[in-house]
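This report concerns only the one structure given below.
Residue numbers (UniProt numbering): 1 to 310.
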């Protein structure tokens, strides 16, 4: 910086140093208390933020459930009608034509089939909703700042509410075929709790995958159909695979969908005893629930700052 003196000479003065001279952008931001917009918070803080949005999660799930069949004349009755119609189709094909009910009486097989359809639909719907949780709600994700895990958790909760509504019909079917309420029905609560944890973790993992690869939503129906056929929804795995190496039936029985279905069948159906369950079934059920709930949550959280961008 220069200036002219009274005698016509030019005097040069030093330019004052900038307060931030020599600092990097990150150091300047830290100096003035600035943070990255949309940055991923620490895991503990993220959990606290999510707990603070618990009322939003519940309200959002209830709103989605109400709106799901708002355009249909039968409305919420489709929550029950859809899995029942699926069960009727599977009974016609597998129960009557393919005789997949081998080893079971009709009084056991019909509740067995309906329970399997209802429980697997719970997992299937949670997965499909999770795949679209971020990619299908980009407007909401980009407009508001909130823990993105709220969305897949809300969709999993929506599917739980739908299943609880459908359980009234499931109870009617089970009782209608001769299995009346008993102490084992108390196991329904822990079975549903464990399956909900498993479904939520799986929905969180699929939400991250679906956000990165939207085409995954087109592939998932084929994957879910294969999983359904491998989980014993329509047939008893140990009976149907009696002529095959034993390890095949063991692997299929230990897959999480089969574990939760078999536990629910054991709880509800009089003729479905513990001999139909794999060894250490409750430990396996808890292990799947914890593994996917914790693993899926951490996996989703690690990409928190990338959702809705690009």
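Quick reminder that beta carbons are idealized off the backbone N, C-alpha and C, glycines included.
| Asked | Found |
| --- | --- |
| State the start and end residues of the unbroken alpha helix (DSSP H) segment that holds residue 312. | Here the chain has residues from 1 to 310 only, and residue 312 is not among them. |
| Along the alpha helix (DSSP H) that carries residue 152, what are the first and last residues, could you check? | 150-176 |
| Looking only at its chain, what residues have a beta carbon closer than 7 Å to the beta carbon of residue 239, apart from the 5 residues adjacent to it on each side? | 102, 103 |
| Is the separation between the beta-carbon of residue 206 and that of residue 131 shorter than 7 Å? | yes |
| Roughly how many angstroms separate the alpha carbons of residue 308 and residue 40, rounded to a whole number? | 13 Å |
| Evaluate residue 237 with the Cβ neighbour count: other Cβ atoms within 10 Å of its Cβ, from every protein chain shown; 16 or more gives buried, anything less gives exposed. | buried |
| For residue 50, which residues in the same chain have their Cβ closer than 7 Å to its Cβ, ignoring the five residues on either side in sequence? | 147, 149, 150 |
| How many angstroms separate the CA atom of residue 281 from the CA atom of residue 270? | 18 Å |
| For residue 82, which three-state DSSP category applies? | helix |
| Which word fits residue 144, buried or exposed, when buried means at least 16 other C-beta atoms lie within 10 angstroms of its C-beta? | exposed |
| Measure the alpha-carbon distance for residue 54 versus residue 181 and round it to whole angstroms. | 34 Å |
| Beta carbon of residue 199, beta carbon of residue 126: below 7 Å? | yes |
| From the DSSP output, in three-state form, read off residue 64 for me. | helix |
| Are the beta-carbon atoms belonging to residue 228 and residue 120 less than 7 Å from one another? | yes |
| What do you get for residue 301, buried or exposed, if any count of 16 or more other CB atoms within 10 angstroms of its CB means buried? | buried |
| Report all residues from its chain with a CB closer than 6 Å to the CB of residue 152; omit the five preceding and five following residues, and keep chain order. | 130, 133, 203, 204, 207 |
| By how many angstroms is the C-alpha of residue 278 removed from the C-alpha of residue 94? | 23 Å |
| Determine, using beta-carbon pairs with one atom in the region 240-260 and one in the region 165-178, whether at least three such pairs fall under 8 Å. | no |
| Report yes if the C-beta distance between residue 187 and residue 267 is below 7 Å; otherwise report no. | yes |
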